[in-house]
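**Student:** Starting off with a structure, shown below.
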Ligand SMILES: [Zn+2]
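Residue numbers (this note's numbering): 20 to 258.
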């Protein structure tokens with residue numbers, strides 16, 4: 020069990036207790052539902068950005084599948100909503116072109132995890148004829164530094180979903196809110212790895228916090244990545 024050495028984590032934000040970000044991670048309300056479909060093996064990686072979505076968007080929730088989890092429901096979106104799978108599929112319409120008079124809200128189905136996992140899910144939803152959408156082209160430098168994502172240009176799951184929600188909600192503040200929480204979480208992880216200094220942590224750190232007191236004495240002796248924090252997945256932005 021490779022997580023055994025990682026010590027306690029906050030059950031909500033999955034940070035080490037001294038770095039819990041929960042007071043800063045406030046879910047914002049909107050119309051669009053988000054369903055983050057993720058394999059159980061991805062869920063607890065600190066590099067996984069999708070699991071931040073329910074902490075920042077009230078209508079978002081995780082749909083976990085895998086060996087130790089229930090099988091993926093055929094329709095993992097709320098009743099009465101219209102599903103859209105967010106995926107950089109060639110030929111799929113861009114979100115900004117979707118305009119209609121249907122009063123029912125949309126559900127964004129977001130395929131999280133490695134490129135390989137997301138691609139398998141893509142086929143499944145494609146066979147079920149669930150409509151796909153992609154993000155419009157935009158100058159979109161990713162802030163994602165933990166690993167490569169699969170939303171083109173290595174955009175993280177959270178960043179892609181934030182951009183999509185801003186379009187569907189017609190509110191750029193939605194994207195800013197989600198990316199703010201993402202940057203706070205990411206920079207704390209980078210600081211824990213020794214990749215950035217405390218002064219460079221977006222949103223700051225609790226006063227007086229030392230890296231070795233968070234990581235524990237063993238990590239101080241050997242300041243390496245701890246367990247899953249070192250994972251780089253096999254995603255190659257293949258879209
Ligand atoms: Zn927390």
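Virtual Cβ for every residue (Gly too), placed ideally from N, Cα, C. These numbers were taken from a predicted model, which means no experiment stands behind them.
Out of 178, 101 and 89, point me to the one whose CA is closest to residue 118's CA.
**Tutor:** Answer by Cα proximity: 101.
**Student:** Would you give the residue range spanned by the beta strand (DSSP E) that residue 17 belongs to?
**Tutor:** No statement about residue 17 is possible, as the shown extent of the chain runs from 20 to 258 and does not include it.
**Student:** Sorted by chain position, which residues of the same chain lie with C-beta nearer than 8 Å to residue 121's C-beta, five sequence neighbours on each side aside?
**Tutor:** The answer, listed in chain order, is 101.
**Student:** Quick one, are the C-beta atoms of residue 263 and residue 193 less than 9 Å apart?
**Tutor:** Because the chain spans 20 through 258 in this model, residue 263 falls outside it and cannot be assessed.
**Student:** What first and last residue would you give for the beta strand (DSSP E) that runs through residue 125?
**Tutor:** Taken as a continuous stretch (DSSP letters only), the beta strand (DSSP E) holding residue 125 covers 125-130.
**Student:** Any heavy atom of ligand 1 closer than 8 Å to the Cβ of residue 31?
**Tutor:** Yes, Cβ of residue 31 sits closer than 8 Å to a heavy atom of ligand 1.
**Student:** When every heavy atom of ligand 1 is checked, does at least one fall within less than 8 Å of the C-beta of residue 228?
**Tutor:** Not so, every heavy atom of ligand 1 lies at least 8 Å from the Cβ.
**Student:** Based on Cα-Cα distance, which residue from 144, 153 and 87 lies nearest to residue 96?
**Tutor:** With distances taken between Cα atoms, residue 96 lies closest to 144.
**Student:** Which residue marks the beginning of the beta strand (DSSP E) containing residue 140, and which one marks its end?
**Tutor:** Here residue 140 belongs to no beta strand (DSSP E); instead the alpha helix (DSSP H) covers 134-146.
**Student:** Distance, Cα to Cα, residue 85 vs residue 62?
**Tutor:** About 11 Å.
**Student:** Going straight from the alpha carbon of residue 198 to that of residue 108, what length do you get?
**Tutor:** Computed Cα separation, rounded: 23 Å.
**Student:** Quick one: what's got a C-beta closer than 6 Å to residue 250's C-beta in the same chain, skipping five residues either side?
**Tutor:** Here residue 250 scores only 36 on pLDDT, less than 50, and its place in the model should not be relied on; the value that follows carries that caveat. 64 and 66.
**Student:** According to the Cβ coordinates, are residue 69 and residue 162 closer than 9 Å?
**Tutor:** Result no, Cβ atoms of residue 69 and residue 162 do not sit closer than 9 Å.
**Student:** Taking 7 Å as the limit between beta carbons, can you name the residues of its chain near residue 83, skipping five residues before and five after?
**Tutor:** Once the five neighbours on either side are set aside, the close Cβ partners of residue 83 are 57, 59 and 62.
**Student:** Residues bridged to residue 82 by DSSP?
**Tutor:** In the DSSP output, where bridge partners are listed per residue, residue 82 has 56.
**Student:** Given a threshold of 16 other Cβ atoms within 10 Å of its Cβ, counted over all protein chains shown, does residue 136 qualify as buried or as exposed?
**Tutor:** Per the 10 Å Cβ criterion, buried.
**Student:** Is the beta carbon of residue 36 less than 9 Å from the beta carbon of residue 27?
**Tutor:** Yes, they are a contact pair.
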